[in-house]
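Beneath this line is the structure, given in structure tokens, with notes to follow.
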Amino acid sequence: MADEKKQKYLEFKSLEQQLQQLQEQSQILQQQITELMQLSNALDDFSVVKKNAPMFVTLGNGVYAQAELKETQKVLLMVGAGVAVSKTIPEAKSTIEKQVAELQDLFQTVHEQTERYLARAQELQKELTAGNEQEKKN
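Residue numbers 0 to 137, in numbering that gives the first Met the number 0, belong to the letters of the sequence shown in order.
The following block contains the structure:
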């Protein structure tokens, strides 16, 4: 009986750790989704800016340079490994929408996993509590 209780306790502790990791993943995914949606909104704003409009571009870490906007209908989209591709605003928004959909699917998967782990943790907690109460009676 003690071995069974110990196994349940270890499983419970493992689930606690996994739930913490899933919570962190959920927060990261939610943040990425929010950032992509903000980017999509920024592209909407960008599409109405006039050519040669003065603007500030970030050089990194809070450093900006003043520049003139030469192209308002296309943007460069990083596709990985330092490679950028020229895309129209609608094409860029479509790519972003696909990324948001993928992240939302992943978020849903993490949420479902969290629910399963929570249910199992609650089940184990009840079993451990009932076992402790039974031991007190004996």
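For glycine and all other residues, C-beta sits at the position ideal for the given N, C-alpha and C.
Query: In three-state terms, what does DSSP make of Glu111?; Result: helix
Query: Whole angstroms are fine: how far does the CA of Leu117 sit from the CA of Glu132?; Result: 22 Å
Query: Here's a check: name, in chain order, each residue in its chain whose Cβ is nearer than 7 Å to the Cβ of Gln24, leaving out the five neighbours to either side.; Result: Val109
Query: Of the choices Gln107, Tyr8, Glu122 and Ser13, whose alpha-carbon is the least far from that of Gln26?; Result: Gln107
Query: I need the straight-line Cα distance from Gln30 to Ser93, nearest angstrom please.; Result: 19 Å
Query: So Glu67 is in the beta strand (DSSP E); what residue range does that whole segment cover?; Result: Val62 to Glu67
Query: Within its chain, find whatever has a CB closer than 8 Å to the CB of Gln22; leave out the 5 residues flanking it on each side and keep chain order.; Result: Thr113
Query: To the nearest angstrom, how far is the alpha carbon of Gly61 from that of Leu76?; Result: 22 Å
Query: Taking a contact to mean a Cβ-Cβ separation below 9 Å, would you say Lys73 touches Thr57 in this structure?; Result: no
Query: What separation, rounded to the nearest whole angstrom, lies between the Cα atoms of Gly130 and Phe11?; Result: 14 Å
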